[in-house]
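Novice: Mind looking over this structure? Questions follow.
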Amino acid sequence: MESFKYITEQIELEDLASVLKNAKQAGVDLEFDKNRYAYGFNLSMVQLKISDSIYLIDALQVEDLSSVYKMLEDDSIEKIVFAFGEDIRLLHSLDCFPKNIFDLSIAASLLNFPPCSLSSLTFKVLSVEEKESSQKSNWLKRPLTEAQLSYAAEDVEFLRELYDHLTETIATQGITEWIKEENNKYDLSDYSNIQSFSPLKNKEKKGLSEYQFYVLEQLMNYREEIAERENKPGYHIVDKDVLIKLANGEMRLRDLFLMKGISKYFKNTEAKFVIHEVLADADSKSKSLNLSLTDPAIRKLSKEDYLVMTQRKKVTDNIVQSILLPVKNAIKDDIGEFASSFMFSNKIMNEIASKGLSGLTPYKQKLIWDYATKLKIDLSAFT
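Per this note's numbering, the sequence shown starts with residue 1, numbered consecutively.
In structure tokens:
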């Protein structure tokens, strides 16, 4: 384990200004909490490896991270990361939009590595012993343990070495442009409007009437108000399944207030009053919205709409089976199972079948055309 500098003071970060500004490449990782120990999406630490030095920047103790954000947004500095999807969502919510990202997990997938963790990839490529995960530990609690700090440092320790090994293979296989196109999606993405909690999904409508689902939405909104105020995850206040039972009439309010496992903030005197008000207001507004007490929240399709839907599905299924699957299988034979599944997952194939080729990266479009030509597959469905 390489040594690292743990930065907890603003002046320590200011001393790094020239290092951040003059970097040509940086390994980057984040530690954060997402509705596990606190409310919302919270940054705990930024880990950087620049040249041979590792810096752990404590985001809860260093107030101004603008110099770090500026470095991440600098297009002239390449950022080496691993599976950066959640990280970039968090950064966007903090008004930081990183550029020039090289995601090792994308490179590994296109090189036909099976899906794996950073630790597993490091072992496979560099023969470095796998480490135990600390992702479930509380990254918001201070002081951080030595084990947490070591884990955080190890997350960036071998990024450059992995980059060197993988890019050499990428060049040999002639897929450099594929990697660029995939990583460029990060530059084009925008998750700045990310919500602090997951909204209700359609599956939660199952078994509820229009009125009951509206009541559930209002109860969930109140739960989130309390969760945000007390800085606790929503499920620590009251479980969603309890609110569903309250909304559909399986549970009465007095039963709720007697239950164990419900936060005091959801059943104290103030909460009882507000919940009564929420239910009364929901009852009143549901009438003005003409919500049915009996009609299901998931509306049954009309006969005409059902026929349109089934016909559309028949067309997309045919495109997948007759065009995309044969192409994917041929790519699998030439490049490998994991690379082909990364490029053309079932979800991606269904999207292609329904929306066409225009939304694909150029290299994927070319692969489809080249393999279709080789297999003598008619692509007129896409023209």
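For each residue, glycine too, the CB sits at the ideal point set by N, CA and C.
Small disclaimer: the values here were computed from a predicted structure and weren't measured.
So the alpha helix (DSSP H) GLY85 belongs to, where does it begin and stop?
Specialist: As a working note, residue 85 is residue 85 in the sequence shown. From DSSP, the alpha helix (DSSP H) with GLY85 extends over 85 to 93.
Novice: For ASN350, which residues of its own chain have a beta-carbon under 7 angstroms away from its beta-carbon, when the five flanking residues on both sides are left out?
Specialist: Here residue 350 refers to the residue found at position 350 when the sequence shown is read from its first residue. Here the set comprises THR316, VAL320.
Novice: Tell me the start and end of each unbroken alpha helix (DSSP H) in the region 32 to 97 that is at least 4 residues and wholly inside, in chain order.
Specialist: List check, alpha helix (DSSP H) in window: 66 to 73, 85 to 93.
Novice: In chain order, what residues of the same chain lie with their CB nearer than 6 angstroms to the CB of ALA83, ignoring the 5 residues before and after it?
Specialist: Mapped onto the sequence shown, residue 83 falls at position 83. Hits under 6 angstroms: SER105.
Novice: Just the Cα atoms here: how many angstroms apart are GLN311 and LYS364?
Specialist: The sequence position of residue 311 within the sequence shown is 311, counting from 1. The sequence position of residue 364 within the sequence shown is 364, counting from 1. If you take the alpha carbons of GLN311 and LYS364, they lie about 27 angstroms apart.
Novice: Mapping the DSSP letters down to three states, classify THR101 as helix, strand or coil.
Specialist: Position 101 of the sequence shown, counting from 1, holds the residue named residue 101. Before going further, note that residue 101 is Ile rather than Thr in the sequence given. If DSSP states are grouped into helix, strand and coil, ILE101 belongs with the strands.
Novice: Beta-carbon separation of LEU90 and LEU144 under 8 angstroms?
Specialist: Locating residue 90 in the sequence shown gives position 90, where the first residue counts as 1. Locating residue 144 in the sequence shown gives position 144, where the first residue counts as 1. No. Outside cutoff.
Novice: Taking its Cβ as the centre, do 16 or more other Cβ atoms sit within 10 Å of TYR214, making it buried, or is it exposed?
Specialist: Counting from 1 along the sequence shown, the entry for residue 214 is found at position 214. So TYR214 ends up on the buried side.
Novice: With a threshold of 6 angstroms on Cβ separation, who are the neighbours of LEU166 within its own chain once the five nearest residues in sequence on each side are excluded?
Specialist: As a working mapping, residue 166 is identified with position 166 in the sequence shown. Answer for LEU166: ALA107, listed in chain order.
Novice: Below 6 angstroms CB to CB, which residues in the same chain sit around LEU357 once its five sequence neighbours on both sides are set aside?
Specialist: Counting from one through the sequence shown, the residue named residue 357 turns up at place 357. Only GLN365, PHE382 meet the Cβ criterion.
Novice: Go through its chain and collect everything with a Cβ distance to ASN183's Cβ below 7 angstroms, but skip five positions before and after it.
Specialist: For this step, residue 183 is matched to residue 183 along the sequence shown. Closer than 7 angstroms at the Cβ level, and outside the excluded window around ASN183, lie ILE101, PHE102, ASP103, ILE106.
Novice: So the beta strand (DSSP E) ILE7 belongs to, where does it begin and stop?
Specialist: Within the sequence shown, residue 7 is the residue found at index 7, counting from 1. Looking at the DSSP string, the run of the beta strand (DSSP E) that includes ILE7 is 5 to 7.
Novice: Where does ASP15 fall in DSSP's three states?
Specialist: On the sequence shown, residue 15 is found 15 positions in, with the first residue counted as 1. Residue state, collapsed to three classes: coil.
Novice: Comparing C-alpha positions only, which one of LEU126, ALA152, VAL125 sits nearest to ASN138?
Specialist: Residue mapping note: residue 138 aligns to position 138 of the sequence shown, counting from 1. Looking at the Cα atoms, ALA152 is the closest of the given residues.
Novice: Which of the three DSSP states, helix, strand or coil, is assigned to GLN25?
Specialist: Taking the first residue of the sequence shown as position 1, residue 25 is located at position 25. Three-state DSSP puts GLN25 in a strand.
Novice: Does the count of Cβ pairs from the region 368 to 380 and the region 319 to 334 closer than 8 angstroms reach three?
Specialist: Yes: the two stretches touch, three or more of their Cβ pairs being nearer than 8 angstroms.
Novice: Give the DSSP bridge partners of PRO296, in chain order.
Specialist: Against the sequence shown, residue 296 aligns to sequence position 296. BP columns for PRO296 point to SER209.
Novice: Which of the three DSSP states, helix, strand or coil, is assigned to LEU30?
Specialist: Looking up residue 30 in the sequence shown gives position 30. LEU30: strand per DSSP, three-state reduction.
Novice: Going along the chain, which residues of its own chain have a beta-carbon closer than 8 angstroms to the beta-carbon of ALA271, five neighbours each way excluded?
Specialist: Locating residue 271 in the sequence shown gives position 271, where the first residue counts as 1. Only ILE226, TYR265 meet the Cβ criterion.
Novice: Would GLN47 and VAL156 be called neighbours here (beta carbons separated by less than 8 angstroms)?
Specialist: Along the sequence shown, one-based indexing puts residue 47 at 47. Along the sequence shown, one-based indexing puts residue 156 at 156. It is a contact, given that the beta carbons lie within the stated cut-off.
Novice: Enumerate, from N- to C-terminal direction, the unbroken alpha helix (DSSP H) stretches of 4 or more residues contained entirely within the region 252 to 298.
Specialist: If we require 4 residues or more, the alpha helix (DSSP H) runs fully inside the region 252 to 298 come out as 253 to 258, 269 to 288.
Novice: My assumption, with CB atoms under 8 angstroms, is that LEU293 sits in contact with SER345. Please give the rounded CB distance.
Specialist: Here residue 293 corresponds to residue number 293 of the sequence shown, with the count starting at 1. Here residue 345 corresponds to residue number 345 of the sequence shown, with the count starting at 1. Between SER345 and LEU293 the Cβ distance is about 42 angstroms, and since that is not below 8 angstroms, they are no contact.
Novice: May I have the straight-line CA-CA distance separating ILE57 from ASN42, to the nearest angstrom?
Specialist: Reading the sequence shown from its first residue, position 57 is the one you call residue 57. Reading the sequence shown from its first residue, position 42 is the one you call residue 42. Roughly 14 angstroms separates the two Cα atoms.
Novice: DSSP three-state call for GLU132: helix, strand or coil?
Specialist: The residue you call residue 132 lines up with position 132 of the sequence shown. Looking at GLU132 - three-state DSSP - the assignment turns out to be coil, as it is neither helix nor strand.
Novice: To the nearest angstrom, report how far apart GLN218 and LEU301 are at their CA atoms.
Specialist: One-based indexing of the sequence shown puts residue 218 at position 218. One-based indexing of the sequence shown puts residue 301 at position 301. The alpha-carbon atoms of GLN218 and LEU301 are separated by roughly 26 angstroms.
Novice: Can you tell me where the alpha helix (DSSP H) holding TRP369 begins and where it ends?
Specialist: One-based indexing of the sequence shown puts residue 369 at position 369. First-last of the alpha helix (DSSP H) with TRP369: 362 to 375.
Novice: So, helix, strand or coil for PRO326, using DSSP?
Specialist: Here residue 326 refers to the residue found at position 326 of the sequence shown. Here PRO326 sits in helix by DSSP.
Novice: Taking 8 angstroms as the threshold (beta carbon to beta carbon), is GLY174 in contact with chain B?
Specialist: Chain labels in this structure do not include chain B; a single protein chain is all it has.
Novice: Please report the distance separating the alpha-carbon of GLU204 from that of SER109.
Specialist: Counting from 1 along the sequence shown, the entry for residue 204 is found at position 204. Counting from 1 along the sequence shown, the entry for residue 109 is found at position 109. Taking the straight line from one Cα to the other gives about 34 angstroms.
Novice: With distance defined between alpha-carbon atoms, name the residue in ASN318, LYS5, LYS70 nearest to LYS49.
Specialist: Along the sequence shown, read from residue 1 onward, the residue named residue 49 stands at position 49. When each option's Cα is compared against that of LYS49, the closest is LYS5.
Novice: State buried or exposed for ILE244, treating a residue as buried only when at least 16 other CB atoms are found within 10 Å of its CB.
Specialist: Walking along the sequence shown from the start, residue 244 turns up at place 244. Classification for ILE244: buried.
Novice: To the nearest angstrom, how far is the alpha carbon of LEU16 from that of ASP52?
Specialist: Position 16 of the sequence shown holds residue 16. Position 52 of the sequence shown holds residue 52. Between LEU16 and ASP52, the C-alpha separation is close to 14 angstroms.
Novice: Tell me where the alpha helix (DSSP H) around SER380 begins and ends.
Specialist: Reading the sequence shown from its first residue, position 380 is the one you call residue 380. First-last for SER380: undefined, no H or E at that position.
Novice: Taking a contact to mean a Cβ-Cβ separation below 8 angstroms, would you say CYS96 touches TYR69 in this structure?
Specialist: Numbered from its first residue, the sequence shown carries residue 96 at position 96. Numbered from its first residue, the sequence shown carries residue 69 at position 69. Result yes, Cβ atoms of CYS96 and TYR69 sit closer than 8 angstroms.
Novice: Would you give the residue range spanned by the alpha helix (DSSP H) that ARG160 belongs to?
Specialist: Taking the sequence shown and counting its residues from 1, one reaches residue 160 at position 160. Start and end: 159 to 173.
Novice: Residues in the same chain with beta-carbon distance under 8 angstroms from ASP64, minus the five sequence neighbours each way, listed in chain order, please.
Specialist: Taking the sequence shown and counting its residues from 1, the one referred to as residue 64 is at position 64. GLN10, LEU13, listed in sequence order.
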